[in-house]
Every structure is written in C-alpha cells, then in structure tokens.
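Engineer:
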Amino acid sequence: MLVSGIEILAKANIDGYAVGAFNTSNLEITQAIIESAEELNAPVIVQVSEGAFNYAGGKNIANIVKTMARDASVPVALHLDHGRDFGILMRSIRYGFTSIMYDGSKYPLPENIERTKRIVDMARAVNISVEAELGKIGGTEDNVSVSEKEAMYTDPDEAVEFVKETGVDYLAIAIGTAHGPYKGVPHLDFERLKEIKSRLGMPIVLHGASGLSEEDIKKAVKLGVNKINIDTDIRQAFAASVRAYLDENKDVYDPRSILGNAKKAMKDVIKKKMIMFGSDNRAKEG
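Quick note on numbering: this note's numbering labels position 79 of the sequence shown as 1316, and the sequence is numbered without any gaps.
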C-alpha cells in the first residue's frame, strides 16, 4: 500500500526501530526493494534522487514505484532524496511522491529555515511528508558532493530552532557519516545523536549509512535513528553481480537473465539491512 513517509516513521519512532530508505533508478531495483519488504513483512521507503529523477524521468519512475506500492502487502512510501532543485521538488509533488526531502544544508541557518518552511507549507497542503537536513554530510553520491573540509556536524541548539520554525516531519543530521564509499573507518558522534533525539523526540534520519558496521547501525537505531538511507551498497551489489555473471556466462545476452541475477544480489543486501534495522515483521504485527 502507498502511504506517506510520516505514517511509516511515526510508528518506527514510537516502537524504536529504523526503516530502510533504499534508492532506486529503474524497474529491477524497485522490484528488489519492494519484494524484499514483502518477504520480510517490513515497511519500506523507496527513494529517488534528483539524478535518478532525471535519468529515468520523474513521472516514469514515480509510476513504477506507485504501481508496485499500491499492489504491495506492506506500507511503501515514495520519497524524493536530497531535493535541491525547486522544479524537481514541485514535479515530485505533482507526480504523487508521498514524501520529499528539501536539502538546504548549504545555506546559512536563517536561509535554510526560510526555504525549508516554504516547501513544508506547500507539501502540507497535499498531505506530503517533508524531510530536511541540518549540518553538512560529507562525501559524494549522485548529485550531492560535500568535501571533508565543508562537512559540518549538526548543532543540537540549531536543530531545536530549525524544527520549531519549519515544522518538518523528520530531520537528517550529520554525526560523522558520509555519502559514497568510505575511505577509512567512520567514527560517529553518538553523544550528539543522543542529545538531538532527546531534545526533538522526532524521527531522525541517517544518511550515508552504506558501509557502516552492524554495531554502529544498531547503536544508532537504539539511540533514536528511524530512517536509514542505503544506496551505495545496492549499487555495488548490482555492479559486482553483473560483472561476475557476464564473466561466467559469456554467451548470455538476454537482459532478463543478467538483470534478474543482479536483482537477487540486491535483495540479499536489502534484506540484511532490513533485519539489521529491526524493521522486519513490523508491517503487520499481532
């Protein structure tokens, strides 16, 4: 069933688990995400970045996700990830996304608040949930690139002010994660996470979670993270599977065989994450 993002995350916030938000850009990745959620009875968020929006066509990818979501036996939200372009944000609303992220983290706090509030007001009118980001998460992925020098942790006092002024539904914070593959071992500021969660009491989002250890993931969930973004791990599983399959089956040219095998590899990654996040068997309880 297709639902809003806050419908999924409000429950996760109350019950103390995290929901996987997995990025897609085509049919096979979407199938892998939603099939995994159904097989594990897990709520799920399917994300589309601005790059994927332009690659697949926003309306096309929205229709793929919405069609599968409406037929799914578990709650599915369709989310725009790292929306910065006003035109794409507006088209996402028009195409039926049920959750959008406005990323104004590059702006000074007053301007970020002003821009985010404008998006929240528009989304509220059509019952769409809104995520925002405070602080700057480092690394490079898709259209998002923040250097190590530019990366900046989220200030708890600013987080309180930001949420109060904007009315966002969930907040992405910077505590030491990074987009894309990690070049070293990440060291997360769990005390910062703990303080922000205790002061806000709302769903907290962790970006750049691909490559984090299971120990760090579980600790972050225990301290209040309710939405965890995964993209790089899925891409790497897809690429490795296609390379290996073609090396071993040099005469195969049917894309269904090649992509079908890659879908299995992606599902293995996605299911493992869902279990790690504690969202398995949370869609229909009792």
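Where is the CB? At the ideal position from N, CA and C, for every residue including glycine. Keep in mind the model is a prediction, meaning the values are calculated, not measured.
Which residues bound the alpha helix (DSSP H) around Asp1470?
Structural biologist: That run of the alpha helix (DSSP H) goes Thr1469 to Glu1485.
Engineer: List the DSSP bridge partners of Leu1443.
Structural biologist: For Leu1443, which the question treats as bridged, DSSP gives the partners Ile1465.
Engineer: Any contact between the region 1344 to 1351 and the region 1309 to 1329? By contact I mean 3 or more CB pairs, one from each, below 8 Å.
Structural biologist: The region 1344 to 1351, when compared against the region 1309 to 1329, does not touch it at the 8 Å Cβ threshold.
Engineer: Compute the Euclidean distance between the alpha carbons of Glu1275 and Ile1282, then round it to the nearest angstrom.
Structural biologist: Approximately 12 Å between the Cα atoms of the pair.
Engineer: Taking the alpha carbon of Ser1336 as the point to measure from, which residue in Phe1323, Gly1324 and Ala1360 has its own alpha carbon closest?
Structural biologist: Ranking Phe1323, Gly1324 and Ala1360 by Cα distance to Ser1336 puts Ala1360 first.
Engineer: Reducing DSSP to helix, strand and coil, say where Gly1497 ends up.
Structural biologist: Residue state, collapsed to three classes: helix.
Engineer: Leaving out the 5 sequence neighbours to the left and right, which residues in its chain are closer than 8 Å to Asn1463 when beta-carbon positions are compared?
Structural biologist: Hits under 8 Å: Leu1246, Ala1249, Asn1250, Tyr1254, Ala1255, Val1256, Tyr1407, Pro1440, Ile1441 and Val1442.
Engineer: With DSSP as the reference, label Phe1259 as helix, strand or coil.
Structural biologist: Three-state DSSP puts Phe1259 in a strand.
Engineer: Can you check DSSP and say which residues form a bridge with Ile1410?
Structural biologist: Answer is Leu1371, bridged to Ile1410.
Engineer: Cα-Cα, which of Ser1494, Asp1426 and Asp1470 is closest to Asp1453?
Structural biologist: Minimum Cα distance to Asp1453 is reached at Asp1426.
Engineer: Is the beta carbon of Ile1243 sitting closer than 8 Å to the one on Ser1366?
Structural biologist: In contact: Ile1243 and Ser1366 (Cβ atoms closer than 8 Å).
Engineer: Using only the heavy atoms of the ligand ADP, determine whether one of them is closer than 7 Å to the beta carbon of Tyr1254.
Structural biologist: No copy of the ligand ADP appears in this structure; indeed no ligand is present at all.
Engineer: By how many angstroms is the C-alpha of Gly1445 removed from the C-alpha of Asn1466?
Structural biologist: The straight-line gap from Cα to Cα measures roughly 6 Å.
Engineer: What are the start and end residues of the alpha helix (DSSP H) that includes Asp1308?
Structural biologist: Taken as a continuous stretch (DSSP letters only), the alpha helix (DSSP H) holding Asp1308 covers Gly1295 to Asp1308.
Engineer: Select from Arg1472, Gly1497 and Ile1471 the residue whose C-alpha is nearest the C-alpha of Leu1483.
Structural biologist: Here the closest residue by C-alpha is Gly1497.
Engineer: Can you check which of these residues, Met1238, Asn1278, Val1240 and Ser1241, is closest to Ile1507 by C-alpha distance?
Structural biologist: The candidate whose alpha carbon is nearest that of Ile1507 is Asn1278.
Engineer: Apart from the five residues on each side of it in sequence, which residues of its chain come closer than 7 Å, Cβ to Cβ, to Gly1372?
Structural biologist: If we look at Gly1372 and ignore the five residues flanking it on each side, its Cβ neighbours are Ser1342, Met1389, Tyr1390, Thr1391, Ile1410 and Ala1411.
Engineer: Measure from the alpha carbon of Asp1505 to the alpha carbon of each residue in Val1240, Ile1266 and Ser1262, then state which is nearest.
Structural biologist: Minimum Cα distance to Asp1505 is reached at Ile1266.
Engineer: Determine the extent of the beta strand (DSSP E) in which Leu1425 is found, giving its start and end residues.
Structural biologist: It is not in any beta strand (DSSP E) - Leu1425 carries neither H nor E in the DSSP assignment.
Engineer: Between Val1397, Ile1495, Arg1307 and Arg1321, which has its C-alpha nearest Arg1429's C-alpha?
Structural biologist: Cα-wise, what sits closest to Arg1429 is Val1397.
Engineer: Alpha carbon to alpha carbon, what distance is there between Val1240 and Val1313?
Structural biologist: Each residue's Cα considered, the two are about 6 Å apart.
Engineer: Checking the sheet assignment: what are the DSSP bridge partners for Ile1337?
Structural biologist: The partner list for Ile1337 (beta bridge, DSSP) reads Leu1317 and Val1367.
Engineer: Between Val1285 and Asp1394, what straight-line distance do the alpha-carbon atoms span, to the nearest angstrom?
Structural biologist: If you take the alpha carbons of Val1285 and Asp1394, they lie about 30 Å apart.
Engineer: Determine the DSSP secondary structure at Ala1520, reduced to helix, strand or coil.
Structural biologist: Residue state, collapsed to three classes: coil.
Engineer: If you follow the beta strand (DSSP E) that Ser1450 is in, where does it begin and where does it stop?
Structural biologist: It is not in any beta strand (DSSP E) - Ser1450 carries neither H nor E in the DSSP assignment.
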